[in-house]
Structure formats: C-alpha cells, structure tokens
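Quick note on numbering: the sequence shown equals residues -10 to 376 in my numbering.
Glycine residues also receive a C-beta, built at the ideal position from the N, C-alpha and C atoms.
No experiment lies behind these values; they were computed from the predicted model shown.
Here is the structure we will look at.
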Amino acid sequence: MILLLSAGLGLLYFNHKKGPFTLPVQLICIAMILSAFMAYLSWGQSPFLGILAIIPFFIWPIYFGLLKFEPPVKILENVVLMFGAIYILLYFYQFSNPSNILFNVGVSVRDDEFIESRGIIRVLFPGVGIFWLATYIALTKLTRNEPYKVIWAVMVVLGLIIPFMQATRTFILPTLLVFLYHFLKNISLGKKIAIGVLIVISGFFLLELAKPILEGLQESQERTTAEGTKDIRYIAAMYFLTEFPQSPVNYFFGNGMGHERGPYGQFIAHLAEKGFFISDIGIFGIYTYFGLLAVLGWILIFFKVFTLSVAPQFVYAKYYFFNVLFGAITGSTLYHPNYMITSVFALYIFQITMRPKHIEALKKILKFKLKEIQGKTNTESKAFKPS
C-alpha cells in the first residue's frame, strides 16, 4: 500500500519537470500500465491479477516524486550505503552458514542447504543493485579523498571480492572494467605503469586463490560455446520472440506479466520448469513483457547516460548503469525488482547533478583563454629586462 501511494504521488507529477530522463521513464511507466491490459486481452488474465503482477514496477513513478520534492543527494547516498553495508553483512553471514538457508534459494541449492557450484558456494540473494551502487559511491569517495577513507576502502575491496565469490560473469566483468577505468582515467603515465605492475603481481596471487572459481567459470563458458545454437538461452529467446505472442499487437505492446494465481502465470512457470526463463534472455525479456515502448525507454536512458556529462563526485551513477547495461545482455537487470529502486535513485542523482553542455563548452573556452593569457604573460616577462 505504501508503494502504491508513493507511485500515485509520483504520477501526480508525471509531467511536472522536463529533463533528459523524463521521457524515457514516462515510456516505461506507460508500457508497465498497458502490460496489465495486454495480459488480459491476450492471455485472459484478470485486470486485478495483472495489476498485482506489476506492483513492483510502481517503483518507477517515484522518480517523478523525487524530481518534484528534490531530496538532497546526500540522503540518497546514505540510504544506499546503509543498505549496501547490510547486503555485505548478510552475504557473508549466509556464505558462512550454507546449511541454513536464510535469505534466498540462490542458484544451486538442495532443499535444506546451499551446495558448491563453479568451485564455490554461490549465494545470490536480492539487493545486488544496491550493492553495485554502494560500491561505486564508495569508490568515488575513496579516490576523491573524502573523510572516512577506511570505510570506503573496505567497501571498495569487498565490492571487488564478492562478485568473484558469486562466480557470475555478468557481475565480475563490468566491475573489473569500471575499477580499471576509474583508477586509470586521470593519472599520469608513471602511475598507470605502477598500477599496472601492481595489478599483474596481485593477479598471480588472486589466480591461485580463486583457481576453483575460475575453473568453474571456464567450464561453464566451454559448455555454452560448445552448445552454440543449442544453448537453452538462444532457444528460449527464439521461442518468446516468435511463438509466444498470441497476436500481432503483442509484438508492439508486449504480452504482460503473469501472476502465479492465474493460468497465464502458471504457464510461464511451466515454461521455466523446462528451462525457458524470460529472465535469462536479456533485453528480449523486457520486450516480451512490456513491448517496444519499454525497450525504447531503456535505449534512450543508456544513450543519455553515456553521452551526457555529470559532476565528478557523482560519476558513480554512470558506473552503475554500465553494470545494468552489461547485465542486460543475458540477464534481467532492466526490469527485475533487484535493480529498479537503485535505477530510479541513479537517474534522479544524474539528472540533478548533470553538467549542461553550454557550461562544459564555456569551461573549455575559459580554459583555452587562460592558457592564451598565461602564454602572453610568459612572453612579456621574458621580453622585459630591467635596467
């Protein structure tokens, strides 16, 4: 009820403030609402169950409420960091107690305990979006020499270690790339070489420590490569794109989400038992559920995030969306509840801290003029010889 009231408040300000992300979020919200009707028209699911199925997506209109009331970024940062710390604590607690399932069934589990997969006990429970954003906030604060360096350093190190312990490629690769980019982008060549040598030396130790995990990942990759077009993800994607839609209208507006209490939801659950998971087909999954409007909304979000400039102390918003984009290849980062609230927070922070293009252009002109003035001053000082 609190979520629905918050969403209703956000919808009151649906068109209150224009910005680069207003239209994309509006498209996603419209696609979300239409999906309940598409599930009714195409699959006979009652509108009530259709609304119940999309309740988690009512997080999106909260974005408009944030734009209206403009809470300080510091508050959102503290909320994210607090829940990020909770995620870390719960992760290690569950990892150290695999025989007592407390928070989630994970990806490899018996009825009563987690079992080893890819060389390690894999614990993937909800909240990874908040973990990513908290890690990148800590990374930004650490390299900007803000207070509480020890806290930021601990969160940064754990933010790199935990994705390896979860043995998930779509978590490991984007995190590594972001860390490398962040540390190397604004330092001298000498420091880049020093960091590169340090990374190589550290890599030898990490390779030995993480050998079982890396072997498990390699085996998983080899199986996927060997299967080729027989890969279940490929087969599932083709099925949901070609055979699953009930009418031509579904190709534009999607099929809607199924609720477990209705036949449509039970049919989707039956497909999952066969290995046909909508959550495993990436951007095709959001297209299956919500159609072209939602896909267009996300394309606009990514285009604007990676082309617009944001103040350096808030660059973590860009980093977060890089993880989301990477996870959208074969995952459900575009529409899973694990990521929605942090996506809303990151978009809001990005929009209110964004650097307009004319300010960037003005800064470049001023920088050029300062260099020109300094050049003239140096020339004049050399030419002037006191008697």
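Element boundaries [alpha helix (DSSP H), containing MET329]: Here residue 329 corresponds to residue number 340 of the sequence shown, with the count starting at 1. That run of the alpha helix (DSSP H) goes 326 to 342.
Between the beta-carbon of TRP121 and the beta-carbon of MET329, is there less than 8 Å? Counting from 1 along the sequence shown, the entry for residue 121 is found at position 132. Counting from 1 along the sequence shown, the entry for residue 329 is found at position 340. No.
SER321 versus LEU113 - alpha carbon distance: Taking the sequence shown and counting its residues from 1, the one referred to as residue 321 is at position 332. Taking the sequence shown and counting its residues from 1, the one referred to as residue 113 is at position 124. SER321 and LEU113: Cα-Cα distance of roughly 14 Å.
Going by other Cβ atoms of all chains shown within 10 Å of its Cβ, with 16 needed for buried, is HIS248 buried or exposed? Position 259 of the sequence shown, counted from the first residue, corresponds to residue 248. Using a 10 angstroms sphere on the CB of HIS248, the tally of other CB atoms reaches 16 or more, which defines it as buried.
Specify whether the stretch 2 to 9 and the stretch 224 to 231 touch according to this definition: at least 3 beta carbon pairs, one from each stretch, less than 8 Å apart. no
With a CB to CB cut of under 7 Å and the five nearest residues on each side skipped, what residues in its chain are close to PHE273? Locating residue 273 in the sequence shown gives position 284, where the first residue counts as 1. Only ALA226, PHE229 and LEU230 meet the Cβ criterion.
Output the distance between the C-alpha atoms of GLY264 and GLY316, rounded to the nearest integer angstrom. Numbered from its first residue, the sequence shown carries residue 264 at position 275. Numbered from its first residue, the sequence shown carries residue 316 at position 327. Computed Cα separation, rounded: 19 Å.
To the nearest angstrom, report how far apart ILE151 and PHE72 are at their CA atoms. Along the sequence shown, read from residue 1 onward, the residue named residue 151 stands at position 162. Along the sequence shown, read from residue 1 onward, the residue named residue 72 stands at position 83. For ILE151 and PHE72, the distance between alpha carbons rounds to 15 Å.
Which residues in the same chain as THR331 place their Cβ atom closer than 8 Å to its Cβ, once the five residues preceding and following it in sequence are excluded? The count along the sequence shown starts at 1 and reaches residue 331 at position 342. Excluding positions up to five away in sequence, the list reads VAL69, GLY118, ILE119, TRP121, LEU122 and TYR309.
Residues that DSSP places opposite VAL299 in a beta bridge: Translated into the one-based positions of the sequence shown, residue 299 becomes position 310. Paired residue(s): MET343.
What ranges does the alpha helix (DSSP H) occupy inside the stretch 126 to 177, keeping only unbroken runs of at least 4 residues that lie completely in it? 138 to 155 and 158 to 173
Just to check my reading of the structure: LEU336 and LEU16 have Cβ atoms closer than 8 Å, yes? What is that Cβ distance to the nearest angstrom? Taking the first residue of the sequence shown as 1, we reach residue 336 at position 347. Taking the first residue of the sequence shown as 1, we reach residue 16 at position 27. 13 Å between Cβ atoms; not a contact.
Please classify TRP121: does DSSP put it in a helix, a strand, or coil? Within the sequence shown, numbered from 1, the residue matching residue 121 stands at position 132. Correct three-state label for TRP121: helix.
So, at 6 Å on beta carbons, what are the nonlocal neighbours of LEU55 in its own chain, with the 5 sequence-adjacent residues on each side left out? For the purposes of this step, residue 55 is taken as the residue at position 66 of the sequence shown. Within the same chain, LEU55 has close Cβ partners TYR337.
Can you tell me the Cα-Cα spacing of ASN86 and VAL238, whole angstroms? Numbered from its first residue, the sequence shown carries residue 86 at position 97. Numbered from its first residue, the sequence shown carries residue 238 at position 249. Cα-Cα distance, rounded: 49 Å.
Report the three-state DSSP secondary structure of TYR2 (helix, strand or coil). Locating residue 2 in the sequence shown gives position 13, where the first residue counts as 1. Correct three-state label for TYR2: coil.
Select from ILE270, HIS171 and VAL146 the residue whose C-alpha is nearest the C-alpha of ARG133. To locate residue 133, count along the sequence shown from 1; it is residue 144. Here the closest residue by C-alpha is HIS171.
Inspect the beta-carbon positions of ILE290 and TYR278 and report whether they are closer than 8 Å. Position 301 of the sequence shown, counted from the first residue, corresponds to residue 290. Position 289 of the sequence shown, counted from the first residue, corresponds to residue 278. No, the pair does not count as a contact, with Cβ atoms beyond the cut-off.
Output yes or no for whether 8 Å exceeds the beta carbon distance between PHE241 and GLY271. Mapped onto the sequence shown, residue 241 falls at position 252. Mapped onto the sequence shown, residue 271 falls at position 282. Not in contact: PHE241 and GLY271 (Cβ atoms no closer than 8 Å).
Contact under 8 Å by Cβ, PHE53 with LEU0: Position 64 of the sequence shown, counted from the start, is the residue given in the question as residue 53. Position 11 of the sequence shown, counted from the start, is the residue given in the question as residue 0. Taking 8 Å as the Cβ cut-off, PHE53 and LEU0 qualify as a contacting pair.
Among PHE303, LEU165, THR319 and ALA25, which one has its Cα closest to the Cα of VAL62? Here residue 62 refers to the residue found at position 73 of the sequence shown. The option with the nearest alpha carbon to VAL62 is PHE303.
Out of LYS293, THR296, ILE275 and LEU297, state which residue places its alpha-carbon closest to the alpha-carbon of CYS18. The residue labelled residue 18 in the question sits at position 29 within the sequence shown. Shortest Cα-Cα distance from CYS18 to any of LYS293, THR296, ILE275 and LEU297 involves ILE275.
In three-state terms, what does DSSP make of MET21? In the sequence shown, residue 21 corresponds to position 32, counting from 1. Residue state, collapsed to three classes: helix.
Length of the line joining the Cα atoms of ASP220 and ARG250: If you number the sequence shown from 1, residue 220 lands on position 231. If you number the sequence shown from 1, residue 250 lands on position 261. So the two alpha carbons sit approximately 30 Å from each other.
Of the listed residues LEU149, SER31 and SER(-5), nearest to PRO379 (C-alpha basis): In the structure displayed, the chain extends from -10 to 376; residue 379 sits before or after that span and is not available.
Report the residue from VAL143, PHE168, ASN67 and PHE256 whose alpha carbon sits nearest the alpha carbon of PHE311. Your numbering for residue 311 matches position 322 in the sequence shown. When each option's Cα is compared against that of PHE311, the closest is PHE168.
Find the nearest neighbour of THR159 within the set MET246, VAL313 and PHE256, judged by alpha-carbon distance. By one-based count along the sequence shown, residue 159 stands at place 170. Nearest C-alpha to THR159: VAL313.
Looking at ARG222 and THR296, is the spacing between their C-beta atoms short of 8 Å? On the sequence shown, residue 296 is found 307 positions in, with the first residue counted as 1. On the sequence shown, residue 222 is found 233 positions in, with the first residue counted as 1. Against a cut-off of 8 Å, the Cβ pair of ARG222 and THR296 comes out as no contact.
When you compare the CB positions of GLY245 and SER35, do they come within less than 8 Å of one another, or not? Residue 245 sits at position 256 when you count from the first residue of the sequence shown. Residue 35 sits at position 46 when you count from the first residue of the sequence shown. No, they are not a contact pair.
Residue of ALA(-4), ALA42, PHE10 and MET(-10) minimising C-alpha distance to LYS293: Here residue 293 is taken as the residue at index 304 of the sequence shown, counted from 1. The shortest Cα separation from LYS293 among ALA(-4), ALA42, PHE10 and MET(-10) belongs to PHE10.
Let me know the alpha helix (DSSP H) ranges lying completely inside the stretch 210 to 298, each 4 residues or longer, listed in chain order. 221 to 231, 239 to 242, 252 to 262 and 272 to 296
Three-state secondary structure (DSSP) of LEU38: As a working mapping, residue 38 is identified with position 49 in the sequence shown. Looking at LEU38 - three-state DSSP - the assignment turns out to be helix.
Within this structure, are the beta carbons of TRP32 and GLN340 separated by less than 8 Å? Translated into positions along the sequence shown, residue 32 becomes position 43. Translated into positions along the sequence shown, residue 340 becomes position 351. Their beta carbons are not under 8 Å apart, which means TRP32 does not touch GLN340 by this criterion.
I'd like to know whether the C-beta atoms of GLY243 and ALA74 end up nearer to each other than 8 Å. Here the question's residue 243 lines up with position 254 in the sequence shown. Here the question's residue 74 lines up with position 85 in the sequence shown. At a Cβ-Cβ threshold of 8 Å, GLY243 and ALA74 do not count as neighbours.
Check whether the Cβ atoms of PHE47 and ALA(-4) sit closer than 8 Å, and answer yes or no. Here the question's residue 47 lines up with position 58 in the sequence shown. Here the question's residue -4 lines up with position 7 in the sequence shown. A contact, by the Cβ cut-off of 8 Å.
Given TYR324, which residues of its chain have a CB within under 8 Å of its CB, disregarding the five upstream and five downstream residues? Counting from one through the sequence shown, the residue named residue 324 turns up at place 335. The beta carbon of TYR324 is closer than 8 Å to those of PHE46, GLY274, ILE275, TYR278, PHE279 and ALA283 in its chain, skipping five residues each way along the sequence.
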